[in-house]
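Asks: First to last, the sequence lines map onto chains E and F. Counting from 1, position 173 in the first sequence corresponds to residue 173 in my numbering; the numbering is continuous, with no gaps. Counting from 1, position 125 in the second sequence corresponds to residue 125 in my numbering; the numbering is continuous, with no gaps. Glycine included, every Cβ here is placed at the ideal spot set by N, Cα and C.
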Amino acid sequence: MSVIEATQLTKVYSDLRAVDAVSFRVATGESFGLLGPNGAGKSTTMRMIGGTSLRTSGTLLVNGLDPETHGPEVRASLGVVPQTDNLDTELNARDNLIMYGRYFGLPYSYLRPKAEELLQFAQLSEKATEKVDNLSGGMKRRLTIARALVNEPSVLLLDEPTTGLDPQARHILWDRLFRLKEQGVTLIVTTHFMDEAEQLCDRLLVMDHGQIVAEGSPAALIQQYSTREVLELRFGSDRNVALVERLRGYADSIEALPDRLLLYTADGEAVLARVRADGLDPVTSLVRRASLEDVFLRLTGRSLID
Amino acid sequence: MTTKLIRIRPGVGAWMAANSSGNAGAVIGRGFKVIRNQNWMIIVSGFFEPVFYLLSMGIGLGALIGTVTGPGGHQISYAAYIAPALLATSAMNGAIYDSTWNVFFKLRFAKLYEGMLATSLGPLDVAAGEIFMALFRGFLYAVGFTVVIASMGLTTSWWALAMIPVALLIALGFAAIGMALTSYFTTFQQMDWINIALLPMFMFSATLFPIEAFPEVMQWFIMTLPLWHGVELMRQLSVGHWDASTAVHLTYFVAMSVLGVAFATRRLRTLFLR
Ligand SMILES: Nc1ncnc2c1ncn2[C@@H]1O[C@H](COP(=O)(O)OP(=O)(O)O)[C@@H](O)[C@H]1O
Ligand SMILES: [Mg+2]
Numbered sequence: 001m002s003v004i005e006a007t008q009l010t011k012v013y014s015d016l017r018a019v020d021a022v023s024f025r026v027a028t029g030e031s032f033g034l035l036g037p038n039g040a041g042k043s044t045t046m047r048m049i050g051g052t053s054l055r056t057s058g059t060l061l062v063n064g065l066d067p068e069t070h071g072p073e074v075r076a077s078l079g080v081v082p083q084t085d086n087l088d089t090e091l092n093a094r095d096n097l098i099m100y101g102r103y104f105g106l107p108y109s110y111l112r113p114k115a116e117e118l119l120q121f122a123q124l125s126e127k128a129t130e131k132v133d134n135l136s137g138g139m140k141r142r143l144t145i146a147r148a149l150v151n152e153p154s155v156l157l158l159d160e161p162t163t164g165l166d167p168q169a170r171h172i173l174w175d176r177l178f179r180l181k182e183q184g185v186t187l188i189v190t191t192h193f194m195d196e197a198e199q200l201c202d203r204l205l206v207m208d209h210g211q212i213v214a215e216g217s218p219a220a221l222i223q224q225y226s227t228r229e230v231l232e233l234r235f236g237s238d239r240n241v242a243l244v245e246r247l248r249g250y251a252d253s254i255e256a257l258p259d260r261l262l263l264y265t266a267d268g269e270a271v272l273a274r275v276r277a278d279g280l281d282p283v284t285s286l287v288r289r290a291s292l293e294d295v296f297l298r299l300t301g302r303s304l305i306d
Numbered sequence: 001m002t003t004k005l006i007r008i009r010p011g012v013g014a015w016m017a018a019n020s021s022g023n024a025g026a027v028i029g030r031g032f033k034v035i036r037n038q039n040w041m042i043i044v045s046g047f048f049e050p051v052f053y054l055l056s057m058g059i060g061l062g063a064l065i066g067t068v069t070g071p072g073g074h075q076i077s078y079a080a081y082i083a084p085a086l087l088a089t090s091a092m093n094g095a096i097y098d099s100t101w102n103v104f105f106k107l108r109f110a111k112l113y114e115g116m117l118a119t120s121l122g123p124l125d126v127a128a129g130e131i132f133m134a135l136f137r138g139f140l141y142a143v144g145f146t147v148v149i150a151s152m153g154l155t156t157s158w159w160a161l162a163m164i165p166v167a168l169l170i171a172l173g174f175a176a177i178g179m180a181l182t183s184y185f186t187t188f189q190q191m192d193w194i195n196i197a198l199l200p201m202f203m204f205s206a207t208l209f210p211i212e213a214f215p216e217v218m219q220w221f222i223m224t225l226p227l228w229h230g231v232e233l234m235r236q237l238s239v240g241h242w243d244a245s246t247a248v249h250l251t252y253f254v255a256m257s258v259l260g261v262a263f264a265t266r267r268l269r270t271l272f273l274r
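1. Output, in sequence order along the chain, the residues in the segment 250-267 of chain F whose CB is closer than 8 Å to any CB in chain B.
2. Closest to residue 21 of chain E by C-alpha separation, out of E/5, E/293, E/33, would be which residue?
3. Roughly how many angstroms lie between the CA atoms of residue 248 of chain F and residue 223 of chain F, to the nearest whole one?
4. Can you list the alpha helix (DSSP H) stretches of 4 or more residues lying completely in the segment 62-104 of chain E, in chain order?
5. Using the rule of at least 16 other Cβ atoms within 10 Å of the residue's Cβ for burial, across every protein chain shown, is residue 4 of chain F buried or exposed?
6. Taking residue 140 of chain E as part of the alpha helix (DSSP H), name the residues at either end of that continuous run.
7. Hey, how far is the Cα of residue 298 of chain E from the Cα of residue 225 of chain E?
8. What number of angstroms, rounded off, separates the C-alpha of residue 182 of chain F from the C-alpha of residue 262 of chain E?
9. By the three-class DSSP mapping on this structure, what secondary structure does residue 25 of chain E have?
10. Using beta-carbon positions only, say whether residue 51 of chain F and residue 145 of chain F come within less than 8 Å of one another.
11. Please report whether the beta-carbon of residue 91 of chain E lies at a distance below 8 Å from any beta-carbon of chain F.
12. For the 8 Å Cβ check, are there 3 or more pairs between the segment 191-203 of chain F and the segment 55-62 of chain F?
13. Along chain E, in chain order, which residues have C-beta atoms closer than 8 Å to that of residue 116 of chain F?
14. Less than 8 Å between CB atoms is the rule here; does residue 121 of chain F satisfy it with respect to chain E?
15. Judging by CA-CA distance, which residue of E/290, E/54, E/82 is the nearest neighbour of residue 69 of chain E?
16. Could you tell me the distance, in whole angstroms, from the CA atom of residue 196 of chain F to the CA atom of residue 99 of chain F?
17. For a minimum of 3 consecutive residues, which ranges assigned as the beta strand (DSSP E) are wholly contained in the segment 184-233 of chain F?
18. Quick check: does the Cβ of residue 86 of chain E come within less than 7 Å of any heavy atom belonging to ligand 1?
19. Using the beta-carbon of each residue, which ones in chain F are nearer than 7 Å to residue 68 of chain E?
20. Mind listing the chain F neighbours of residue 95 of chain E? Cutoff is C-beta to C-beta under 7 Å, in chain order.
21. Assuming residue 294 of chain E and residue 244 of chain E are in contact, meaning their beta carbons sit under 8 Å apart, how far apart are those beta carbons, in whole angstroms?
22. I need the residues with a C-beta less than 5 Å from some heavy atom of ligand 1; please give them in chain order.
23. How many whole angstroms separate the CB atoms of residue 2 of chain E and residue 25 of chain E, which I take to be in contact at a CB cut-off of 8 Å?
24. Under 6 Å Cβ to Cβ from residue 68 of chain F, same chain only, skipping five residues before and after it: list those, please.
25. Taking the alpha-carbon positions, what's the residue 268 of chain E to residue 122 of chain E distance?
26. From residue 105 of chain F to residue 290 of chain E, what does the alpha carbon distance come to, in whole angstroms?
27. Going by DSSP, which residues form a beta bridge with residue 234 of chain E?
28. Buried or exposed, going by whether 16 or more other CB atoms sit within 10 Å of the CB of residue 208 of chain E?
29. Could you check if residue 192 of chain E is buried or exposed, using at least 16 other CB atoms within 10 Å of its CB as the buried criterion?
30. Who are the neighbours of residue 80 of chain E on chain F, taking C-beta pairs under 7 Å?
31. Unbroken alpha helix (DSSP H) runs of length 4 or more, entirely within the segment 109-157 of chain F: which are they?
32. Is residue 211 of chain E helix, strand or coil when you go by DSSP?
33. Let me know the secondary structure DSSP gives residue 308 of chain E once reduced to three states.
34. Cβ-heavy atom distance between residue 190 of chain E and ligand 2 below 7 Å?
35. Please name the residue in F/134, F/141, F/236 whose C-alpha comes closest to that of residue 159 of chain F.
36. Under 8 Å: do the segment 11-18 of chain E and the segment 137-157 of chain E share three or more Cβ pairs, one atom per stretch?
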């Protein structure tokens, strides 16, 4: 059973194809990621799933219903965390949760205890009566995420959920999301952080310029589009590019970034030894495992974060 | 699930399924919660605006002008002449402000509606709830202003109480059209055009002096404007006088409200769903 079935999903803004003939399915209980740089069309895709942005063409079913013709019914089982917080600044933290629940038609008798539970979840119990404007960025983010859980959604849409959170808060959130996933909640996450995608997602769509450039599990994508290891070399910004040709034979492939060269190879240490033996002494060198960042770089020639 | 897929909801039913969960009440509940928390000065200040106009123009200018010919040819004080017009104008201004500036701000900047529309609420619920709240504020102001002018002796009939529901009818007509127009706006600057249209309408719609001051062609033009009908209707109610024109004024606003709501409904998805 698919939670989401998108076929040739397209959104055109005046002349920009923000989402361009994208097709994918998400299975119940799956944790599904949209990975791509800014402007790839991730948020637009999320808004179309919630039925708050009207698609230009293509078909889309969420729990078997078209969100454009059954928006309220579709959204009753969705939890939405938008990219930028849109908390109700005229209400305090607790009332943000309660009112949001009212929009789902839930009764106060359910919402009052639920709000306390969610405040605790967001570690905001002491801030319950604080106006939203007086909360820090991280607190607002946590409240937005807690708010999305008020209707106990079966599908959670998280648009860049950890942007603005410190590393500790990120890990706590990942842990919470993991628990929701264990309870059978379907997660749909957009991110431009590769570590987040690797941590959270069973399966990924890599997007760029509104199109799908690759699809698969993080491990499969790395295996398919990258070598096992990456050797990073820095020779100083003026020499990096000049050395690309000379190093060509050492690795399966090379990507030149402004500040460093990436050599893709199964055995980074061995290549490094050969580079050194050849009399090329990099200022710094690093052997690491390939990541989704490398996948994206290999597919598009650009970094995820610019 | 398959039964849901092949279920067909024709016409109105299908439109409702796409745009409403029938829960505008939650939007209204939120509105009252905000009013309760709000700084009362903000609410009270909206009430004082027409009162200040009345005091300065009615009492101040009125001392120079003396009496004016009111509905049915009766001589009434200048303050009594403009008071009902100020009520009609304030109903219009409040409704326009709430349905244009306020809606645009909550849509594009506060992102309040974005949050609401991520829930079971549909655009119809949000629009209906917000228009209700605009009318409720209008109701408070209308009650307050009517009490003020009645206690100043500027009304001469119990029919003046009917000015309150009429103020709501005027507000509904303007709010519905205001909301529909907001769906065409992309910047705050474009909303200045509304003010550019409203100010002369206030100046010329027989609010502060009789329409007979203008050449006949101009009078005909003014008679097409909504505010003139609102002003004349209010003025007639304040003294409990009516004639055939009363029905015309009333019909004008009923029609404006019906057409306005239809227009706003058509533009609803464009306004809220991008
Ligand atoms: N409301 C809008 N009007 C016009 N262009 C838009 C709008 N929203 C997004 N875009 C454009 O669509 C493209 C995709 O945006 P978005 O979906 O936000 O990407 P992402 O979330 O991957 O960063 C961008 O080029 C963005 O500028
Ligand atoms: Mg985005």
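Replies: Put simply:
1. Protein chains in the displayed structure are E and F, and chain B is not among them.
2. As a working note, residue 21 of chain E is residue 21 in the first sequence. The shortest C-alpha separation from residue 21 of chain E is found at E/5.
3. The residue given as residue 248 of chain F occupies position 248 in the second sequence. The residue given as residue 223 of chain F occupies position 223 in the second sequence. Their Cα atoms are separated by approximately 11 Å.
4. 71-75, 93-103
5. Sequence index remark: in the second sequence, residue 4 of chain F carries index 4 (1-based). Because the pLDDT of residue 4 of chain F is 45, which lies under 50, any placement of that residue in the model is unreliable, and the number read from its coordinates should be weighed accordingly. It counts as exposed.
6. If you number the first sequence from 1, residue 140 of chain E lands on position 140. Its alpha helix (DSSP H) spans residues 137-147.
7. Here residue 298 of chain E refers to the residue found at position 298 when the first sequence is read from its first residue. Here residue 225 of chain E refers to the residue found at position 225 when the first sequence is read from its first residue. Each residue's Cα considered, the two are about 7 Å apart.
8. In the second sequence, residue 182 of chain F corresponds to position 182, counting from 1. In the first sequence, residue 262 of chain E corresponds to position 262, counting from 1. If I take the Cα positions, the gap works out to 52 Å.
9. The residue you call residue 25 of chain E lines up with position 25 of the first sequence. Note: residue 25 of chain E maps to strand in three-state DSSP.
10. Residue mapping note: residue 51 of chain F aligns to position 51 of the second sequence, counting from 1. Residue mapping note: residue 145 of chain F aligns to position 145 of the second sequence, counting from 1. Yes, these two residues count as a Cβ contact at 8 Å.
11. If you number the first sequence from 1, residue 91 of chain E lands on position 91. Residue 91 of chain E counts as touching chain F.
12. no
13. In the second sequence, the residue the question calls residue 116 of chain F occupies position 116. Chain E residues near residue 116 of chain F: 103.
14. Reading the second sequence from its first residue, position 121 is the one you call residue 121 of chain F. True, the Cβ-Cβ gap to chain E drops below 8 Å.
15. In the first sequence, counting from the first residue as 1, residue 69 of chain E sits at position 69. Considering only alpha carbons, the answer is E/54.
16. For the purposes of this step, residue 196 of chain F is identified with residue 196 of the second sequence, where counting begins at 1. For the purposes of this step, residue 99 of chain F is identified with residue 99 of the second sequence, where counting begins at 1. Distance between the alpha carbons of residue 196 of chain F and residue 99 of chain F is about 16 Å.
17. none
18. Here residue 86 of chain E refers to the residue found at position 86 of the first sequence. Not so, every heavy atom of ligand 1 lies at least 7 Å from the Cβ.
19. Along the first sequence, one-based indexing puts residue 68 of chain E at 68. Within 7 Å Cβ-Cβ: 18.
20. For the purposes of this step, residue 95 of chain E is identified with residue 95 of the first sequence, where counting begins at 1. 33, listed in chain order.
21. Counted from its first residue, the first sequence places residue 294 of chain E at position 294. Counted from its first residue, the first sequence places residue 244 of chain E at position 244. Not confirmed; about 17 Å, so no contact.
22. E/13, E/18, E/38, E/39, E/40, E/41, E/42, E/43, E/44
23. Taking the first residue of the first sequence as 1, we reach residue 2 of chain E at position 2. Taking the first residue of the first sequence as 1, we reach residue 25 of chain E at position 25. Yes, they are in contact, since the Cβ atoms of residue 2 of chain E and residue 25 of chain E sit about 5 Å apart, within 8 Å.
24. Within the second sequence, numbered from 1, the residue matching residue 68 of chain F stands at position 68. Cβ neighbours of residue 68 of chain F beyond the five flanking positions: 78, 81.
25. Translated into positions along the first sequence, residue 268 of chain E becomes position 268. Translated into positions along the first sequence, residue 122 of chain E becomes position 122. Going by the C-alpha atoms only, they are around 42 Å apart.
26. By one-based count along the second sequence, residue 105 of chain F stands at place 105. By one-based count along the first sequence, residue 290 of chain E stands at place 290. Their backbone Cα atoms lie some 46 Å apart in a straight line.
27. Translated into the one-based positions of the first sequence, residue 234 of chain E becomes position 234. Partner(s): E/284.
28. As a position in the first sequence, residue 208 of chain E is number 208, starting the count at 1. When all chains shown are included, residue 208 of chain E counts as buried.
29. Along the first sequence, one-based indexing puts residue 192 of chain E at 192. Buried, since its Cβ has 16 or more Cβ neighbours within 10 Å.
30. Looking up residue 80 of chain E in the first sequence gives position 80. Correct list: 118.
31. 112-116, 123-151
32. The sequence position of residue 211 of chain E within the first sequence is 211, counting from 1. Residue state, collapsed to three classes: strand.
33. Absent from the structure is residue 308 of chain E, since the part of chain E shown begins at 1 and ends at 306.
34. Reading the first sequence from its first residue, position 190 is the one you call residue 190 of chain E. Yes, since a heavy atom of ligand 2 falls inside the 7 Å radius drawn around the Cβ of residue 190 of chain E.
35. One-based indexing of the second sequence puts residue 159 of chain F at position 159. Selected option, being the one with the closest Cα: F/236.
36. no
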